[in-house]
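> Protein chains in written order, with our numbering: chain A, 22 to 472; chain B, 62 to 191. Every residue, glycine too, gets a C-beta built ideally from N, C-alpha and C. Mind looking over this structure? Questions follow.
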C-alpha cells in the first residue's frame, strides 16, 4: 500500500529548539497554516502539519537531465517487458514472481503496462542513478500533482509538474477508452470503479484524485468504491448498490488483491479468487486497470534480469547496455563476493520492508524496522550513497537523505517530488514538494511551445 | 555460488533465438532519445529538408494536438520521397535537439483513442516549461 509516512508519536520540540534554530517557530507556523487550509481536501495524505517538508528547489538543467534519465530507464523496461512476454513460465518462477501474479499477468490487457509509472532516482557524482521502479500501485500521485501545484502556487514559484498534471487526464482517459473498446462498449456506457482499501487513507486520497481527474475529461462515469464493498459473481464485479463495474481501477497492489479476493454476492464467505478474476477478464466481462503485468515488472528481480542480460550480451544491444551501465546500479540474483557494501532487497518489498545494507564480511550495517516475509527471494544491489542535506523538520535541523521520485506521464511531461528521511527509505520519510529554481516566467503563464 | 544466475541463464538459453535477437524495429515509445547526435551537424540536405517539412506540419496544428507519422506524411506529401532510414534519422535528430517529442495523444482525447502498446507513435512540438 502506498502509505509513505508513518504517523509519528513524537511532538515538535517547540519549547527547546527555537533558541537553536531562529526560523524554527516560523517553520512550525507555516506548516500549521498550510495544514489547516488543506487537511480537509487530502485527509489521508496530510495526516499532520509536518507530513511535508519545505519545498525544495530543482534547477531546470537538472530537471532536463532527469527527464532524459527517466526516459532512458523506461525504454529499458519497455524492452524487458517485451522479453518477459515471450519468456516461459519457469523464468517467472525462477524470478520469484508469485503464482497468482503470473496467472493474472497472462490476461490480454487493453491498457499499457506503463500507465502508472514511478521511478526513484538519486543524485550521484555520475549524474542521476536509478534506484527502483513502482509500476503496480505507485503512490505519490496526490503529492506529486495536486499538492505540489498548491505549494508552488502559494510560494509563487514555477511548478515543474504542471505540464504532466495537465497531460494526466488525457493519459488516464485513453486507458479507460481502450478498456471500453476491449469490452465492446462506449466510454460513456462504462462504469469505472476506482477502488481502494478503507484502512489506507493515503490510497483513498489517491483513488479520489484519479476519480476527479477522470471526471475532468468528458464522458467518463468514474466513482470511488471501497475494496471491502466489492462483490462478485460469475458475470462480473459489483459495487455497494449492486451496479456492475466494467472497469476496475485498482488503487491497491495486485498481490494483496489476490490475497483478499472479492466476496461472492450471495455467499459472502466465499471469495472470487485470481483464477476466476482471470476468467472474468478473458471473457471481457471486466477490465482491470492497472494491468496485472505491472506487478511482474515491479519485482526487483527484473532489475537483476536486466543486468544479467547486459552482462551476457543477450537481447540488449550495445546502446541499451550503455544505458544499463550508466543509470542502473549493478543488481545480482546471488550474493556478490566482490562488493564491499551491498543492499539486500526482497522481490516485492515496499516502504523499505526487509531491506538490509551488508558489508563484505556479512555484517548488517543498516536495516529497516519494517519486517518482511523472510521466505521471499531477494536480490543484491550495489550500494549507492544517497546524498544528505541539512534540512529543517518539525524536530529541528536534521541531516536527511533525499530520493527523487519521478512520475512518468509523457516524454517531456513527468511529475517529480522528493522524499527525505534518515536511514533506508521507508514509511517514516517525509515528502518534499519541488519548484523550479530558475524558471524565468511567471507561474500563471501557459506552457508554450518553443523551437 | 551464482546458482540462481546459472539456472536463469539455462532457461533463457532455451528460449527461441528470435526472442533474444535485439530488435531494431521501433515499437510504441520504445525509441530512447539518442545519447549522441544521430546525424552530423549540419545534417545532410535530405534530412534538413525532411526535418523542415515535419516541423512545418506540426507547427500548423494547435498546441494541444499531435500527429502520427502517417498524418504527417498525408500533410506533407513531399516527405513520401524521403527514404525510410532518412525519415527515421530526421525524427531522431529532431527529438535529440528537443524540437519534437513523442506523446500520448491529444487533449481532449478522440473517442477512438487507444492506449494499446501497438498504437502508432504520435508526435508534437516539444513543450518547454515556463
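How many angstroms separate the CA atom of residue 326 of chain A from the CA atom of residue 344 of chain A?
Against the first chain, residue 326 of chain A aligns to sequence position 305. Against the first chain, residue 344 of chain A aligns to sequence position 323. When rounded, the distance between both Cα atoms is 15 Å.
> How many Å lie between residue 67 of chain B and residue 242 of chain A at the Cα?
Here residue 67 of chain B refers to the residue found at position 6 when the second chain is read from its first residue. Here residue 242 of chain A refers to the residue found at position 221 when the first chain is read from its first residue. Rounded to whole angstroms, residue 67 of chain B to residue 242 of chain A spans 50 Å at the Cα level.
> Taking the beta carbon of residue 205 of chain A as the centre, do at least 16 other beta carbons fall within 10 Å, making it buried, or is it exposed?
The residue labelled residue 205 of chain A in the question sits at position 184 within the first chain. Classification for residue 205 of chain A: exposed.
> Quick check: the Cα distance between residue 405 of chain A and residue 310 of chain A, rounded to an integer number of angstroms?
For the purposes of this step, residue 405 of chain A is taken as the residue at position 384 of the first chain. For the purposes of this step, residue 310 of chain A is taken as the residue at position 289 of the first chain. Approximately 33 Å between the Cα atoms of the pair.
> On the three-state DSSP scale, how would you describe residue 213 of chain A?
Locating residue 213 of chain A in the first chain gives position 192, where the first residue counts as 1. Three-state result, residue 213 of chain A: strand.
> Mapping DSSP to helix, strand and coil, what is residue 191 of chain A?
Along the first chain, read from residue 1 onward, the residue named residue 191 of chain A stands at position 170. Residue state, collapsed to three classes: helix.
> With 8 Å as the C-beta to C-beta threshold (strictly closer), list the residues of the region 107 to 132 of chain A near chain B in chain order.
Cβ contacts with chain B: 107, 108, 109, 111, 112, 115, 116, 131 and 132.
> By Cβ distance, which residues of its chain are closer than 7 Å to residue 114 of chain B, with the 5 residues on each side in sequence left out?
Taking the second chain and counting its residues from 1, one reaches residue 114 of chain B at position 53. So the qualifying residues of the chain are 137, 139 and 140.
> Specify the secondary structure class of residue 144 of chain A as computed by DSSP and reduced to three states.
Within the first chain, numbered from 1, the residue matching residue 144 of chain A stands at position 123. In this structure, residue 144 of chain A counts as strand in the three-state DSSP scheme.
> Identify whether residue 409 of chain A lies in helix, strand or coil by the three-state DSSP scheme.
As a first step, residue 409 of chain A is located in the first chain; it is residue number 388 there, counting from the start. Reduced to three states, the DSSP call for residue 409 of chain A is strand.
> Can a CB atom of chain A be found closer than 9 Å to the CB of residue 76 of chain B?
If you number the second chain from 1, residue 76 of chain B lands on position 15. So, interface residue.
> By the three-class DSSP mapping on this structure, what secondary structure does residue 389 of chain A have?
The residue labelled residue 389 of chain A in the question sits at position 368 within the first chain. Three-state result, residue 389 of chain A: coil.
> Please determine, among A:302, A:253 and A:278, the residue with the shortest C-alpha to C-alpha distance to residue 288 of chain A.
Within the first chain, the letter at position 267 stands for residue 288 of chain A. For residue 288 of chain A, the nearest C-alpha among the options comes from A:253.
> Short of 9 Å Cβ to Cβ, which residues in the region 374 to 408 of chain A face chain B?
Residues passing the 9 Å Cβ filter: 398.
> What do you get for residue 133 of chain B, buried or exposed, if any count of 16 or more other CB atoms within 10 angstroms of its CB means buried?
Locating residue 133 of chain B in the second chain gives position 72, where the first residue counts as 1. So residue 133 of chain B counts as buried.
> If you follow the alpha helix (DSSP H) that residue 457 of chain A is in, where does it begin and where does it stop?
In the first chain, counting from the first residue as 1, residue 457 of chain A sits at position 436. Segment 455 to 457 is the beta strand (DSSP E) holding residue 457 of chain A; no alpha helix (DSSP H) there.
> From A:235, A:122, A:306 and A:95, pick the residue whose C-alpha is nearest to that of residue 140 of chain A; which is it?
Your numbering for residue 140 of chain A matches position 119 in the first chain. If we check each option's Cα against that of residue 140 of chain A, A:95 comes out closest.
> State yes or no: is the beta carbon of residue 267 of chain A nearer than 9 Å to at least one beta carbon in chain B?
Numbered from 1 along the first chain, position 246 holds the residue referred to as residue 267 of chain A. So no, residue 267 of chain A is outside the interface.
> Identify, in the order they occur along the chain, each residue of the same chain with its Cβ nearer than 6 Å to the Cβ of residue 458 of chain A, setting aside the five sequence neighbours on each side.
Translated into the one-based positions of the first chain, residue 458 of chain A becomes position 437. The residues are 78 and 80.
> In chain order, what residues of the same chain lie with their CB nearer than 6 Å to the CB of residue 198 of chain A, ignoring the 5 residues before and after it?
Within the first chain, the letter at position 177 stands for residue 198 of chain A. Closer than 6 Å at Cβ, skipping near neighbours: 208.
> Please report whether the beta-carbon of residue 104 of chain B lies at a distance below 9 Å from any beta-carbon of chain D.
Looking at the structure shown, chain D is missing, and the protein chains on hand are A and B.
> Measuring straight from C-alpha to C-alpha, what distance separates residue 163 of chain A and residue 101 of chain B?
Residue 163 of chain A sits at position 142 when you count from the first residue of the first chain. Residue 101 of chain B sits at position 40 when you count from the first residue of the second chain. In a straight line, the C-alpha of residue 163 of chain A is about 44 Å away from that of residue 101 of chain B.
> Examine chain A for any beta-carbon lying closer than 9 Å to the beta-carbon of residue 152 of chain B, and answer yes or no.
The count along the second chain starts at 1 and reaches residue 152 of chain B at position 91. Chain A, which has no Cβ nearer than 9 Å to the Cβ of residue 152 of chain B, makes this no.
> Can you pull the DSSP bridge partners for residue 460 of chain A?
For the purposes of this step, residue 460 of chain A is identified with residue 439 of the first chain, where counting begins at 1. Beta-bridge pairing links residue 460 of chain A to no other residue.
> Suppose you measure from the CA of residue 378 of chain A to the CA of residue 157 of chain A; what does that come to, to the nearest Å?
Here residue 378 of chain A refers to the residue found at position 357 of the first chain. Here residue 157 of chain A refers to the residue found at position 136 of the first chain. Each residue's Cα considered, the two are about 25 Å apart.
> Are three or more beta carbon pairs between the region 169 to 185 of chain A and the region 214 to 224 of chain A nearer than 8 Å?
No: the two stretches stay apart, fewer than three of their Cβ pairs being nearer than 8 Å.
> Going by the beta-carbon positions, is the gap between residue 423 of chain A and residue 436 of chain A smaller than 9 Å?
Here residue 423 of chain A corresponds to residue number 402 of the first chain, with the count starting at 1. Here residue 436 of chain A corresponds to residue number 415 of the first chain, with the count starting at 1. No; because the gap between Cβ atoms is not below 9 Å, this pair is not in contact.
> Any idea if residue 203 of chain A is buried or exposed, counting beta-carbon neighbours within 10 angstroms, 16 or more meaning buried?
Numbered from its first residue, the first chain carries residue 203 of chain A at position 182. So residue 203 of chain A ends up on the buried side.
> Quick check on the burial criterion: 16 or more other C-beta atoms within 10 angstroms. Buried or exposed for residue 384 of chain A?
Sequence index remark: in the first chain, residue 384 of chain A carries index 363 (1-based). Classification for residue 384 of chain A: exposed.
> Measuring alpha carbon to alpha carbon, tell me which residue in A:425, A:60, A:233 and A:408 is nearest residue 145 of chain A.
Working through the first chain from its first residue, we reach residue 145 of chain A at position 124. Comparing Cα-Cα distances from residue 145 of chain A to each of A:425, A:60, A:233 and A:408, the minimum goes to A:408.
> My assumption, with CB atoms under 8 Å, is that residue 90 of chain A sits in contact with residue 135 of chain A. Please give the rounded CB distance.
Sequence index remark: in the first chain, residue 90 of chain A carries index 69 (1-based). Sequence index remark: in the first chain, residue 135 of chain A carries index 114 (1-based). That pair is no contact at about 16 Å.
> What residue range is occupied by the uninterrupted alpha helix (DSSP H) comprising residue 314 of chain A?
The sequence position of residue 314 of chain A within the first chain is 293, counting from 1. Where residue 314 of chain A is concerned, the enclosing alpha helix (DSSP H) stretches over 314 to 319.
> Report yes if the CB atom of residue 420 of chain A is closer than 9 Å to the CB atom of residue 397 of chain A, and no otherwise.
Position 399 of the first chain holds residue 420 of chain A. Position 376 of the first chain holds residue 397 of chain A. No, the Cβ-Cβ distance between residue 420 of chain A and residue 397 of chain A is not below 9 Å.
> Can you have a look at residue 272 of chain A and say buried or exposed, based on whether 16 or more other CB atoms are within 10 angstroms of its CB?
Position 251 of the first chain holds residue 272 of chain A. Residue 272 of chain A is buried by the Cβ-count criterion.
> Does the CB of residue 110 of chain B have a neighbour CB from chain A at under 9 Å?
On the second chain, position 49 is the one that residue 110 of chain B refers to. Not one chain A Cβ lies under 9 Å of residue 110 of chain B.
> Leaving out five residues before and five after residue 284 of chain A in sequence, what residues of the same chain have Cβ atoms less than 8 Å from its Cβ?
Translated into the one-based positions of the first chain, residue 284 of chain A becomes position 263. Counting only Cβ-Cβ distances below 8 Å, and skipping sequence neighbours, we find 251, 252, 253, 290, 291, 292 and 293.
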